[in-house]
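Numbering (the numbering used here), first residue to last: 692 to 830. No residue lacks a Cβ here, since even glycine has one placed at the ideal position from N, Cα and C. One structure is given below, encoded as structure tokens.
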């Protein structure tokens, strides 16, 4: 598997994980914030971590175990396309810039990504990231 293929696969897996959080009825802002600041996400940021080979179902179970009070069914659930795009975007962003999930989340939190989805989801993913980074600089 090439590095590019692995990166795309991990981005797709994270997109599917975020989409799954919506299917489970978790408040999207809470789930994304907890995930992006979690040890699991930190592991996915590593050059190699066994979690990179785990499927979305296993990662979701680990998230529930490690953060039992971290997810709520009270709140807003983003639509599935937005959740998938957000998960894909965040993981791809890490590969594109080398920034950690925590640093990425500080630049574009869940609400920002949800708001920008309609304007940015049709852009090339790198262009969307560049625009999000530029918007953060202007704030």
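Is the beta carbon of residue j closer than 8 angstroms to that of residue i?
i, j, result
"residue 808", "residue 705", "no"
"residue 729", "residue 768", "no"
"residue 702", "residue 774", "no"
"residue 801", "residue 827", "no"
"residue 821", "residue 785", "no"
Quick one: residues in its chain with C-beta nearer than 6 angstroms to the C-beta of residue i, no 5 flanking neighbours on either side, listed in chain order?
i, result
"residue 814", "none"
"residue 796", "727"
"residue 710", "771, 774 and 775"
Can you tell me where the alpha helix (DSSP H) holding residue i begins and where it ends?
i, result
"residue 785", "771-788"
"residue 814", "Where residue 814 is concerned, there is no enclosing alpha helix (DSSP H), given that its DSSP letter is neither H nor E."
"residue 738", "Taken as a continuous stretch (DSSP letters only), residue 738 belongs to no alpha helix (DSSP H), as it is neither H nor E."
"residue 752", "747-757"
"residue 709", "694-714"
"residue 668", "Given a span of 692 to 830 for the chain in the structure shown, any question on residue 668 remains unanswerable."
"residue 765", "Element bounds for residue 765: n/a, residue is neither H nor E."
So which of the options has the shortest CA-CA distance to residue i?
i, options, result
"residue 698", "757, 805, 773 and 739", "739"
"residue 778", "818, 695 and 747", "747"
"residue 716", "817, 766, 824 and 822", "766"
Tell me which residues share the same chain as residue i and place their Cβ nearer than 8 angstroms to its Cβ, disregarding the 5 neighbours each side in the sequence.
i, result
"residue 755", "762"
For residue i, which residues of its own chain have a beta-carbon under 7 angstroms away from its beta-carbon, when the five flanking residues on both sides are left out?
i, result
"residue 819", "780 and 811"
"residue 829", "none"
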